[in-house]
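In terms of the working numbering, the sequence shown is residues 3 to 169.
Glycine included, every Cβ here is placed at the ideal spot set by N, Cα and C.
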Amino acid sequence: MLKKGLSGVVATIILVLLVLVAVGIVWGAIKGIINEKIDTVNSCFGNFEKATINSQYTCYNSSSDEFRFSIDIKDIEVDKLLISISGKNQTKSFEIPQLGSSFIRNYNGNYNEDVKLPNKNAGLTYVANISEIGKPTFIKIAPFIDGSQCEISDSLSEIDDCILLIQ
């Protein structure tokens with residue numbers, strides 16, 4: 003009779019408080035991760051096909067072993083573009099804008115000069131030296147918006163020879 007202990011009600015309240023504190027700690031950690039992922043998705047949401055390959059100005063020049071491709075940017079602000087060109091021998095990926103490169107140049111520029119990104123609602127044509135890649139079979143682009151890489155926004159698998167387009 004002289005033993006003292008916790009009543010069942012007090013023990014239940016303490017257990018409920020411990021569970022609530024544990025849930026609060028777990029939710030705080032998960033909420034930060036979820037918000038980070040939502041910010042990434044929101045920056046790319048609704049921007050599908052707003053960075054596109056202009057197939058009219060995209061072709062392979064077999065005599066010079068150069069690949070000409072044109073990129074159009076619609077009404078979005080793009081930080082940079084990830085371009086991937088696949089050929090018979092290998093795939094080469096690179097980013098635009100790019101400081102002097104011996105692989106890619108602006109259409110009217112020279113190799114080893116800075117390559118710039120098209121402005122909003124504009125397009126630019128580029129030339130890539132693809133001697134190590136071989137004849138291109140595929141090109142795809144993915145924009146970076148607000149520091150996040152978005153999904154592939156456009157691709158092209160039927161690449162004509164530039165000589166055929168001129169005739």
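The DSSP-derived three-state label of residue 64 is coil. Contact between residue 137 and residue 90 is confirmed by a C-beta separation of about 6 angstroms, below the 8 angstroms threshold. Less than 8 angstroms separates the beta-carbon of residue 147 from that of residue 79. Around residue 133, the same chain offers 67 as residues with beta carbons nearer than 7 angstroms, after the five sequence neighbours per side are excluded. Per DSSP, residue 108 is one residue of the beta strand (DSSP E) stretching across 106-108. In terms of Cα proximity to residue 151, the closest of 22, 65, 52 and 45 is 45.
In the three-state reduction of the DSSP assignment, residue 128 falls in the strand class, which pools E and B. Of the residues 160, 140 and 153, the one whose Cα lies closest to the Cα of residue 48 is 153.
Residue 155 counts as buried, since at least 16 other C-beta atoms from the protein chains shown sit within 10 angstroms of its C-beta.
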